[in-house]
Amino acid sequence: MRLKVAIVILGFTLAVTASAQTKGTDHTLVADDAAWCWFSDPRAVSYQGVHEKIYYGYINSKGDVVISAKDLGTGKIENFVLHSALQIDDHNVPSILFLPDGRLLVFYTEHNGRFFIRKSVNPEDITDWEPERIIPFKGTRITYSHPVMLEAEKNRIYVFWRGSDWSPTFSYSDDLGETWSPEIILIDSKDTRNRPYIKVVSDGISRIDIAFTDGHPGVEPTNSLYHMYYEKGIFFQTNGDHIASVEQLPILRTNVRKVYDATANQVRSWIQDIALDKDNRPVLVYARYPEATDHRYHYAYWNNGKWSDEELCRAGGWMPIVKTGEKIREPHYSGGISLDHDNPSHVYLSREIGQIFEIEHWCKTENSWQVNKLTERSDLSNVRPYVVGRDSGKNTVVLWMSGVYNHYTKFKTGLRMARVRYN
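Residue 377 is where the sequence shown starts when you use this note's numbering, and the numbers rise one by one after that.
1) So within the stretch 565 to 644, which uninterrupted beta strand (DSSP E) runs reach at least 3 residues, ignoring any that extend past its ends?
2) Would you kindly work out how many angstroms separate the C-alpha atoms of V370 and S547, rounded to a whole number?
3) Work out the CA separation of M525 and P544 for me, nearest whole Å.
4) Report the residue from I435, T589 and G449 whose alpha carbon sits nearest the alpha carbon of I443.
5) Given a threshold of 16 other Cβ atoms within 10 Å of its Cβ, counted over all protein chains shown, does E734 qualify as buried or as exposed?
6) Looking at C-alpha atoms only, which residue of F787, L791, N782 and K770 is the closest neighbour of W776?
7) Is it buried or exposed for F787, if we count other Cβ within 10 angstroms and need 16 for buried?
8) Restricting to Cα atoms, I'd like to know which of I560, Y798, H427 and G779 is closest to P626.
9) Using DSSP bridges, identify the partner residues of S714.
10) Taking the alpha-carbon positions, what's the V576 to V698 distance?
11) Tell whether a beta-carbon distance below 9 Å holds between N502 and E454.
12) Could you pull out every residue in the same chain whose Cβ sits closer than 6 Å to the Cβ of R629, ignoring the five residues on either side in sequence?
13) Given that a residue counts as buried once 16 or more other Cβ atoms are within 10 Å of its Cβ, and exposed if not, what is S768?
14) DSSP three-state label for F388, please.
15) Does Q397 pass the burial test, meaning 16 or more other C-beta atoms within 10 Å, or should it be called exposed?
16) Would you verify that the beta carbon of L715 is, or is not, closer than 9 Å to some beta carbon of chain B?
17) Under a three-way DSSP split, which group does W745 fall into?
18) Determine the DSSP secondary structure at H403, reduced to helix, strand or coil.
19) Would you identify the three-state DSSP class for W412, choosing helix, strand or coil?
20) Would Q648 be called buried (16 or more neighbouring beta carbons within 10 Å of its own) or exposed?
21) Since F491 sits in a beta bridge, which residues does DSSP pair it with?
22) Out of curiosity, what's the CA-to-CA distance linking E500 and R517?
23) In three-state DSSP terms, what is D541?
24) Apart from the five residues on each side of it in sequence, which residues of its chain come closer than 6 Å, Cβ to Cβ, to R795?
25) From the DSSP secondary-structure annotation, give me the bridge partner or partners of T789.
Here is the structure:
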């Protein structure tokens with residue numbers, strides 16, 4: 377039996393669909409020892425070639441960098457350790473890029489350390505890999521990886537990361553990852569110690585969209601949110617105004633226009649995800665923090681030449697579990713919110729309900745949001761959802777972490793999966 381309840385909240389109608397209760401642990405377990413951060417994407421991909429599989433990367437509690445593949449037809453799961461005992465740190469989660477011939481190219485870093493890549497020997501196969509390579513990019517702050525490939529640039533691969541002096545940095549390869557350009561600093565914070573956090577998405581053809589912050593919300597009390605995009609050698613404001621060519625980089629952070637200006641109300645923020653709608657317009661989800669114990673999810677989208685911004689819901693407080701008297705080290709770690717990149721009117725989020733974080737699917741209609749609860753009355757928290765893609769039956773595949781998370785270096789979590797059918 378399903379029950380739909382309409383609630384008027386924040387100026388729009390919220391329709392909540394309740395069904396038979398499903399705990400997080402009732403969903404399919406796809407990795408029993410796994411954690412990931414929400415930077416370094418895509419951390420999971422869906423690929424249909426000879427096989428129909430999802431591929432996903434993570435860090436386990438021994439600090440191994442692992443990639444897994446699940447066959448959606450047979451249910452079989454394969455695992456491969458890309459690097460043993462790198463660091464027990466979920467910052468090091470690998471990002472995954474498929475090459476035109478179906479081979480995988482994966483990227484991973486140490487937290488403030490080295491930059492690694494590995495390429496699979498065979499298409500759609502994670503059991504055999506070329507030797508690991510360390511790309512000698514300069515800097516001691518290398519963290520995260522965000523690869524994209526542009527078809528219109530002869531399959532040039534761009535990869536973005538946090539580099540020297542915390543600056544967002546990138547390089548490119550014109551030979552499918554064999555060689556790389558010298559690193560190029562993208563954003564300059566000019567005489568500050570700001571460390572902008574970026575999220576990257578591409579149409580896969582000619583455009584790369586980048587959302588970023590001033591820095592870390594634990595350091596920046598007015599941590600604002602910015603957006604720009606790249607196309608044909610030029611970086612543009614959201615409305616298409618010219619910012620700089622690649623030759624003119626780096627871009628001064630304050631020269632990019634804001635999506636959200638935290639100086640107006642003194643409420644800091646943090647980017648969570650970015651996607652493009654069917655018209656190549658950017659859609660962002662992010663968190664605001666009126667207090668460390670009060671996280672709010674927001675949905676911002678470019679519409680009629682300006683940003684529209686909606687508060688979705690209160691998400692609870694911080695996600696890490698701490699003992700009584702223990703200091704919370706990351707109070708701005710939310711449960712997490714992610715966009716469906718095939719249709720960003722669909723959002724998956726984790727919010728605190730009765731001291732446990734649960735996963736919900738939110739769907740935007742013209743004047744309302746419809747909500748479907750993926751998990752309810754769970755015994756363990758369900759956090760950091762990530763939309764992998766569609767299966768052949770047009771179900772949306774979603775993964776998330778489930779378990780006990782204390783810190784990015786201390787976790788007892790696994791990954792679970794759901795397939796969601798849209799009407």
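Even for Gly, the Cβ is constructed at its ideal location relative to N, Cα and C.
Let me spell this out:
1) Counting whole runs of 3 or more residues, the stretch 565 to 644 contains the beta strand (DSSP E) stretches 574 to 578, 583 to 589, 601 to 607, 610 to 613, 618 to 621 and 634 to 636.
2) Because the chain here runs from 377 to 799, residue 370 falls outside it and cannot be looked at.
3) Position 168 of the sequence shown holds residue 544. Position 149 of the sequence shown holds residue 525. Whole-angstrom Cα-Cα distance: 18 Å.
4) The residue you call residue 443 lines up with position 67 of the sequence shown. Closest option to I443, judged by alpha-carbon separation, among I435, T589 and G449: I435.
5) As a working note, residue 734 is residue 358 in the sequence shown. Classification for E734: buried.
6) By 1-based counting over the sequence shown, the position of residue 776 is 400. Residue L791 is the option with its Cα nearest to W776.
7) Looking up residue 787 in the sequence shown gives position 411. Buried.
8) Along the sequence shown, one-based indexing puts residue 626 at 250. That would be I560, whose Cα lies nearest to the Cα of P626.
9) Position 338 of the sequence shown, counting from 1, holds the residue named residue 714. Answer by DSSP bridge pairing, in chain order: Y724.
10) On the sequence shown, position 200 is the one that residue 576 refers to. On the sequence shown, position 322 is the one that residue 698 refers to. Taking the straight line from one Cα to the other gives about 31 Å.
11) On the sequence shown, position 126 is the one that residue 502 refers to. On the sequence shown, position 78 is the one that residue 454 refers to. Residue 502 is actually Ile in this sequence, not Asn. A contact, by the Cβ cut-off of 9 Å.
12) Stepping through the sequence shown from its first residue, residue 629 is reached at position 253. Within the same chain, Cβ atoms closer than 6 Å to the Cβ of R629 are found at I563 and S565, the five residues on either side in sequence being excluded.
13) Here residue 768 refers to the residue found at position 392 of the sequence shown. Label assigned to S768: exposed.
14) The residue labelled residue 388 in the question sits at position 12 within the sequence shown. Residue placement at F388 is poorly supported in this model, since its pLDDT is 44, which falls under 50; the coordinates are not used for a value here.
15) Your numbering for residue 397 matches position 21 in the sequence shown. Counting the other CB atoms within 10 Å of its CB gives Q397 a total below 16, which places it among the exposed residues.
16) Going by chain labels, chain B is absent from the structure shown, which holds only one protein chain.
17) Along the sequence shown, read from residue 1 onward, the residue named residue 745 stands at position 369. Strand, per DSSP.
18) Your numbering for residue 403 matches position 27 in the sequence shown. Here H403 sits in coil by DSSP.
19) Translated into the one-based positions of the sequence shown, residue 412 becomes position 36. In the structure shown, W412 sits in coil (DSSP, three-state: anything other than H, G, I, E or B).
20) As a working note, residue 648 is residue 272 in the sequence shown. Buried is the call here.
21) Counting from one through the sequence shown, the residue named residue 491 turns up at place 115. According to DSSP, F491 bridges with T485 and I511.
22) Locating residue 500 in the sequence shown gives position 124, where the first residue counts as 1. Locating residue 517 in the sequence shown gives position 141, where the first residue counts as 1. For E500 and R517, the distance between alpha carbons rounds to 32 Å.
23) Here residue 541 corresponds to residue number 165 of the sequence shown, with the count starting at 1. If DSSP states are grouped into helix, strand and coil, D541 belongs with the helices.
24) In the sequence shown, residue 795 corresponds to position 419, counting from 1. Around R795: N771 and V773.
25) Locating residue 789 in the sequence shown gives position 413, where the first residue counts as 1. In the DSSP assignment, T789 forms a beta bridge with G779.
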